[in-house]
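**Q** With our numbering applied, the sequence shown covers 569 to 626. The beta carbon of each residue, even a glycine, is placed where N, CA and C say it ideally should be. Got a structure here, written out as structure tokens. Questions coming.
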Amino acid sequence: QARNDVPGLHERVLARTPAGRWGAPEDLAGVAVFLSGSSSDFVTGVAIPVDGGYSAQG
569 QARNDVPGLH ERVLARTPAG RWGAPEDLAG VAVFLSGSSS DFVTGVAIPV
619 DGGYSAQG
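Structural data, given as structure tokens:
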């Protein structure tokens, strides 16, 4: 079954997201700029979640 077909899935995910909203392209901009600049030269092999706090919910 496709995720879009699961009744209530979007509402359940949104309810567990501390930001209380879906992400927008602008939400990724800061991380993208940081990673593309020299300030991130020593950042390697790490995932930076840009998920409104969803992954911090355990």
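Determine the direct distance from the alpha carbon of Ser623 to that of Pro617, and round the result to whole angstroms.
**A** Each residue's Cα considered, the two are about 7 Å apart.
**Q** Where in the segment 586–618 do unbroken runs of the alpha helix (DSSP H), each at least 4 residues long, occur, reported from the N-terminal end onward?
**A** Listed in chain order, they are 593–604.
**Q** On the premise that Gly613 lies in contact with Ala587, defined as a C-beta separation below 8 Å, what is that separation, rounded to the nearest angstrom?
**A** 26 Å between Cβ atoms; not a contact.
**Q** Roughly how far, in whole angstroms, is the beta-carbon of Trp590 from the beta-carbon of Leu582, given that I think they are within contact range, below 8 Å?
**A** With a Cβ gap of about 7 Å, Trp590 and Leu582 count as contacting.
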